[in-house]
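Using our numbering, read the sequence shown as starting at 9 and increasing by one per residue. Every residue, glycine too, gets a C-beta built ideally from N, C-alpha and C. Each remark here refers to the structure printed beneath this line.
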Amino acid sequence: MPCRFAAGKWEFAAMLAKVAGKDSIITNVRRGGGYALKVRTALAPTLSKAQIERVTKRLIQLG
């Protein structure tokens, strides 16, 4: 989905999860050796597809 600011309203463009590097609590990709991945990918190992949809919709609302 494109990111744009039109008519005074923000639109959702993308959502990433940042993961800390091994033995690190720092999620800054450059400083902590971590990485970023799509939120749906990060949630997939622990949640069902329906749960992932609910969580991502809620995160968009909160954002």
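Going by C-alpha positions, Y43 is about 23 Å away from L70.
In terms of CA proximity to V47, R62 leads the group G29, D31, R62. In the displayed model, K57 falls within a helix according to three-state DSSP. When the beta-carbon positions are compared, K30 and G41 come within less than 8 Å of each other. Taking C-beta separations shorter than 7 Å and ignoring five residues to either side along the sequence, the partners of I68 in its chain run F20, following chain order.
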